[in-house]
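The opening position of the sequence shown corresponds to residue 0 in numbering that gives the first Met the number 0, with each subsequent residue numbered one higher. C-beta: ideal position from N, C-alpha, C; glycine also. See structure below.
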Amino acid sequence: MPAPEFQHTVGKTASLSGTALHTGDKVTLRLHAAPVDHGIKFKRKDLQDEPTIDAKIENLKTVERATTIGEGSVRVHTVEHILSALSAMGVDNAIVEMDANEPPIGDGSAQPYVDLIKKAGVTAQDEPRKFFDVREPMHVESKTGAVLVFLPDNKFRISCTQAGPNNRFTQFLSMEVTPAFFEREIAPARTFVYYEDVKPLMDKNLIRGGSLENAIVVRGDAVLSKEPLRFGDEFVRHKILDIIGDLALVGRRIRGHIVAVKPGHASNADLARLIVREQTRRSALAAPRTIPSGDGGLDADQVMQILPHRFPFLMVDRIISFETETKCIGVKTVTINEPFFQGHFPGHPVMPGVMQVEAMAQVASILLFKLSKTTSRIGYFMSADGVKFRKPVLPGDTIFVHAELTKSRGERLAKAKCHCVVNDAIVSEAELMFTFLDK
Ligand SMILES: [Zn+2]
0 MPAPEFQHTV
10 GKTASLSGTA
20 LHTGDKVTLR
30 LHAAPVDHGI
40 KFKRKDLQDE
50 PTIDAKIENL
60 KTVERATTIG
70 EGSVRVHTVE
80 HILSALSAMG
90 VDNAIVEMDA
100 NEPPIGDGSA
110 QPYVDLIKKA
120 GVTAQDEPRK
130 FFDVREPMHV
140 ESKTGAVLVF
150 LPDNKFRISC
160 TQAGPNNRFT
170 QFLSMEVTPA
180 FFEREIAPAR
190 TFVYYEDVKP
200 LMDKNLIRGG
210 SLENAIVVRG
220 DAVLSKEPLR
230 FGDEFVRHKI
240 LDIIGDLALV
250 GRRIRGHIVA
260 VKPGHASNAD
270 LARLIVREQT
280 RRSALAAPRT
290 IPSGDGGLDA
300 DQVMQILPHR
310 FPFLMVDRII
320 SFETETKCIG
330 VKTVTINEPF
340 FQGHFPGHPV
350 MPGVMQVEAM
360 AQVASILLFK
370 LSKTTSRIGY
380 FMSADGVKFR
390 KPVLPGDTIF
400 VHAELTKSRG
410 ERLAKAKCHC
420 VVNDAIVSEA
430 ELMFTFLDK
């Protein structure tokens, strides 16, 4: 069982000064550490009472050209580039304090924010990260032709196609979002705008801080910028940068493969909203039913923070109680929709015994994790002794999986005695052995 990933914040406060894009004013941004489960919050140091705004999709206000969030009458504009850098560089919790209504635009890329984060350092905290895993394909489509499809994957990947007017500047890039790749290949990609879009704004003096120093301007087939293109496909790289930033508004890390065609802030925000809606639905399903609840159980989300297993191989819905540190009971509701019933057996569905052993191993793993709490070692399932299957488990049954750690020899081996109960009868039992290896 691989150890879970932990939340991270910045090691120390670091600051960055520059020009705000829309007002042209000077702005100083300070990045501060924040406690676990805090998320990213923006703080308006220039306003009375210094209000904070959660970087959450619920607070999204506008998506024209840039992403603006707000609460009440307080706004923070152009948050997507710093959110992208924080998310991709692995910062889960931080306070972004500013003395203006938007971060310094820098060179129009996320490079200044990556530098800032590296100056502050990134440090691990002691709570597991919260993830959203895609279980079934999700998608959003907009009238402007943007399509975003989100597919199950055990990594966070983005495959993006960008296309300008009349399909000029069509570019494609597929990547896994990792800090190293982001820093090298994505963060330096600058904002680009089409001349016909910004001309009216320039005329109205709405982008006072805008210049060829912080954006690439595309006019017809010509590319205007202060320095030459940093990548031949700089535009699609910036589109990916914006997707990562806008999806940071989900408020938890996401795992899955995003296939994006002509994405923009509006469609990115639509996908973020869809993800949050699905997450809310799942949390409601995981709410306690009439099963008696013991002390300090774990809901489905918490189970998934500990176990790496996912559909169709996650065999624990939740932990209903812990009795001391070495004993607990998990629950698995068996439905006719379980994939294994398709073949085991057609017309005569019976839950395979090995899946019950797997359920026992997963519940025992949760106990081992709670006990060891280490990220440096992995537990491997070594053997199963005294395995007995006493009764068939059928669709509609709720299995109570009892696990007790009986022996841990030194630091290397652990044994667990487990049994599964349905309708107060033991349906299966086994004694499992695990070994720990350094990663
Ligand atoms: Zn952007």
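- Check whether the Cβ atoms of residue 146 and residue 136 sit closer than 8 Å, and answer yes or no. Here the question's residue 146 lines up with position 147 in the sequence shown. Here the question's residue 136 lines up with position 137 in the sequence shown. Contact flag unset, no.
- Task: Could you tell me whether any non-hydrogen atom of ligand 1 is closer than 7 Å to the CB of residue 80?
- Result: By one-based count along the sequence shown, residue 80 stands at place 81. At least one heavy atom of ligand 1 is nearer than 7 Å to the Cβ of residue 80, so yes.
- Chain-order list of residues whose beta-carbon lies under 8 Å from that of residue 152 (same chain, five-residue window excluded): On the sequence shown, residue 152 is found 153 positions in, with the first residue counted as 1. The residues are 133, 254, 255, 256.
- Query: Is the distance from the Cβ of residue 464 to the Cβ of residue 385 below 8 Å?
  - Reply: As shown, the chain starts at 0 and ends at 438. That puts residue 464 outside it, with no answer to give.
- Task: Mark residue 202 as exposed unless 16 or more other C-beta atoms lie within 10 angstroms of its C-beta, in which case mark it buried.
- Result: Position 203 of the sequence shown, counting from 1, holds the residue named residue 202. Result: exposed.
- Less than 8 Å between the CB atoms is what I'm expecting for residue 240 and residue 267, so what's the real figure, rounded? Along the sequence shown, one-based indexing puts residue 240 at 241. Along the sequence shown, one-based indexing puts residue 267 at 268. Not really, about 11 Å apart at Cβ, beyond 8 Å.
- Message: What ranges does the beta strand (DSSP E) occupy inside the stretch 219-246, keeping only unbroken runs of at least 3 residues that lie completely in it?
- Response: Listed in chain order, the beta strand (DSSP E) runs fully inside the stretch 219-246 are 221-223, counting runs of at least 3 residues.
- Of the listed residues 25, 79, 390, 322, nearest to residue 421 (C-alpha basis): Your numbering for residue 421 matches position 422 in the sequence shown. Nearest C-alpha to residue 421 among 25, 79, 390, 322: 390.
- Message: Between residue 335 and residue 394, how many whole angstroms is the CB-CB distance? I'm expecting something under 8 Å.
- Response: If you number the sequence shown from 1, residue 335 lands on position 336. If you number the sequence shown from 1, residue 394 lands on position 395. Rounded to the nearest angstrom, the Cβ distance from residue 335 to residue 394 is 4 Å, consistent with a contact under 8 Å.
- Task: Could you tell me if the beta carbon of residue 61 falls within a distance shorter than 7 Å of some heavy atom in ligand 1?
- Result: Along the sequence shown, one-based indexing puts residue 61 at 62. Residue side-chain check: residue 61 keeps its Cβ at 7 Å or more from all non-hydrogen atoms of ligand 1.
- Item | Other residues of its chain near residue 144: CB distance less than 8 Å, five sequence neighbours each side excluded | Translated into positions along the sequence shown, residue 144 becomes position 145. Only 260, 261 meet the Cβ criterion.
- Below 8 Å between beta carbons: does that hold for residue 188 and residue 108? If you number the sequence shown from 1, residue 188 lands on position 189. If you number the sequence shown from 1, residue 108 lands on position 109. Yes, the Cβ-Cβ distance between residue 188 and residue 108 is below 8 Å.
- Item | Span of the beta strand (DSSP E) around residue 124 | Indexing the sequence shown from 1 puts residue 124 at position 125. 121-127 is the span of the beta strand (DSSP E), which, as asked, contains residue 124.
- Hey, quick one: how far does the beta strand (DSSP E) through residue 14 stretch, first residue to last? Translated into the one-based positions of the sequence shown, residue 14 becomes position 15. Boundaries of the beta strand (DSSP E) harbouring residue 14: 13-18, taken from the DSSP string.
- Task: With hydrogens ignored, establish whether the beta-carbon of residue 237 is closer than 7 Å to any heavy atom of ligand 1.
- Result: Taking the first residue of the sequence shown as 1, we reach residue 237 at position 238. Yes.
- CA-CA distance, residue 103 and residue 122? Sequence index remark: in the sequence shown, residue 103 carries index 104 (1-based). Sequence index remark: in the sequence shown, residue 122 carries index 123 (1-based). Approximately 25 Å, taken between the alpha carbons.
- Message: Tell me which residue opens and which closes the beta strand (DSSP E) that residue 147 is part of.
- Response: For the purposes of this step, residue 147 is identified with residue 148 of the sequence shown, where counting begins at 1. Element bounds for residue 147: 146-150.
- Message: Between the alpha carbons of residue 197 and residue 204, how many angstroms are there, rounded?
- Response: On the sequence shown, residue 197 is found 198 positions in, with the first residue counted as 1. On the sequence shown, residue 204 is found 205 positions in, with the first residue counted as 1. Rounded to whole angstroms, residue 197 to residue 204 spans 10 Å at the Cα level.
- Message: Taking only three categories from DSSP, how would you classify residue 59?
- Response: For this step, residue 59 is matched to residue 60 along the sequence shown. In the three-state reduction of the DSSP assignment, residue 59 falls in the strand class, which pools E and B.
- Cβ pair residue 67, residue 207 closer than 8 Å: Residue numbering aside, residue 67 sits at position 68 when the sequence shown is read from its first letter. Residue numbering aside, residue 207 sits at position 208 when the sequence shown is read from its first letter. Not closer than 8 Å, so no.
- Message: Buried or exposed, going by whether 16 or more other CB atoms sit within 10 Å of the CB of residue 47?
- Response: Residue mapping note: residue 47 aligns to position 48 of the sequence shown, counting from 1. The Cβ neighbour count for residue 47, taken over all protein chains shown within 10 Å, is under 16; the residue is labelled exposed.
- Query: Where the beta carbon is closer than 5 Å to any heavy atom of ligand 1, which residues qualify, in chain order?
  - Reply: Going along the chain, the residues that qualify are 190, 241.
- Task: Can you check the stretch 42-114 for any alpha helix (DSSP H) of at least 4 residues that lies completely inside it and give the ranges in chain order?
- Result: As for any alpha helix (DSSP H) of minimum length 4 sitting wholly inside the stretch 42-114, the runs are 79-87, ordered along the chain.
- Task: Please name the residue or residues paired with residue 424 in a DSSP beta bridge.
- Result: Counting from 1 along the sequence shown, the entry for residue 424 is found at position 425. In the DSSP output, where bridge partners are listed per residue, residue 424 has 421.
- Task: Please name the residue in 100, 186, 97 whose C-alpha comes closest to that of residue 442.
- Result: A query on residue 442 cannot be resolved here, the shown segment of the chain reaching from 0 to 438 and no further.
- Task: Let me know the secondary structure DSSP gives residue 356 once reduced to three states.
- Result: Translated into positions along the sequence shown, residue 356 becomes position 357. Three-state result, residue 356: helix.
- Message: Per the DSSP calculation, residue 333 is bridged to which residue(s)?
- Response: One-based indexing of the sequence shown puts residue 333 at position 334. As DSSP reads the structure, residue 333 sits in no beta bridge.
- When the Cβ atoms of the stretch 78-93 are set against those of the stretch 27-43, are three or more pairs found closer than 8 Å? Yes, since at least three Cβ pairs between the stretch 78-93 and the stretch 27-43 fall closer than 8 Å, the two stretches touch.
- Limits of the unbroken beta strand (DSSP E) element including residue 258: Along the sequence shown, read from residue 1 onward, the residue named residue 258 stands at position 259. Its beta strand (DSSP E) spans residues 252-260.
- Sorted by chain position, which residues of the same chain lie with C-beta nearer than 6 Å to residue 258's C-beta, five sequence neighbours on each side aside? Counting from one through the sequence shown, the residue named residue 258 turns up at place 259. Taken in chain order, the residues that qualify are 148, 158.
- Query: Any idea if residue 381 is buried or exposed, counting beta-carbon neighbours within 10 angstroms, 16 or more meaning buried?
  - Reply: Stepping through the sequence shown from its first residue, residue 381 is reached at position 382. Residue 381 is exposed by the Cβ-count criterion.
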